[in-house]
Structure formats: C-alpha cells, structure tokens
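Heads up, the sequence shown is in the working numbering, so the first residue is -9 and it goes up one at a time.
C-beta: ideal position from N, C-alpha, C; glycine also.
What you are looking at is a predicted structure, and each value in this text was computed from that prediction instead of being measured.
Report on the structure given below.
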Amino acid sequence: MRGNLEAVAEAADWWSIVRAKPAQDAVLSEEDRIFVHEAGKLLPQEPWDAETWRVWTAAVKAGTGRKGRGLFMPLRIALTGREQGPELAGLLPLLGREETLARLS
C-alpha cells in the first residue's frame, strides 16, 4: 500500500479498507455480480504473496474472457467498495482467502 500513500495520515483510510467490509450498496450490475462470484471460484489456495493477484486475474481472464476495466473494476468494487484505492496485488494477501471469498460472495 506504500505506493498509494502521499502522507502517513492516509494509512488509516487504506487500513479501513482491509478491516471494514465494503458497503453493501457497492454498485455492480447483475452481470458483474455473476462475474465476481465466478471469479471467486478461481481463487488460488493460500499461502498468498505478491504474485497471487497476477496469477488469479490471469486465471479469471482465461476463464471468463474479460480483460481490462471489465475484469478489474468489478473485482475492485467487490473487494473494496470503491472505484479507486490501494493496489489490489498488495491488498489481497492482507485480506486472505477467507475474507476475499466473503467479499466476492
């Protein structure tokens, strides 16, 4: 998350993304909700590291045919409740598999 911070005071905001559940009203279309659920089925097993995001999204891309914004934005919104935020490659290991699955469900 370090690359997302301009001031130390911003760390609390980013940490809240890890600790708090995303808002239930995160705006996803029905098609994106289905996509996010399917993406959850492709999550690799733990342990997770900095490569987990790349490995997972490559599997999701191959399995769904989605790419670019259509692949990444629904995952970001489901995981963080926001359209902008920390790099998801760094966030995923902090969330862990169980919490990530819960947010994708």
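Helix, strand or coil at residue i [DSSP, three-state]
i              : result
glycine 58     : coil
alanine 68     : helix
leucine 18     : coil
proline 30     : It should be noted that the sequence gives glycine, not proline, for residue 30. Correct three-state label for glycine 30: helix.
tryptophan 117 : As displayed, the chain neither begins before -9 nor continues past 95, which places residue 117 out of reach and without an answer.
alanine 10     : coil
glycine 75     : coil
proline 83     : helix
Distance, residue j Cα to residue i Cα
i            : j             : result
serine 117   : alanine 40    : For the chain, the structure presents residues -9 to 95; residue 117 sits outside this window and is missing.
lysine 11    : arginine 93   : 7 angstroms
arginine 87  : tryptophan 46 : 12 angstroms
threonine 54 : isoleucine 24 : 11 angstroms
alanine 52   : leucine 61    : 11 angstroms
glycine 58   : proline 34    : 20 angstroms
proline 64   : glycine 30    : 12 angstroms
glutamine 74 : arginine 66   : 8 angstroms
arginine 44  : glutamate 21  : 23 angstroms
arginine 56  : glutamate 89  : 23 angstroms
alanine 68   : valine 26     : 7 angstroms
glutamate 36 : glutamate 28  : 18 angstroms
Given 8 angstroms, three or more beta-carbon pairs between the stretch 28 to 45 and the stretch 76 to 93: Of all C-beta pairs linking the stretch 28 to 45 to the stretch 76 to 93, three or more are shorter than 8 angstroms, placing the two stretches in contact.
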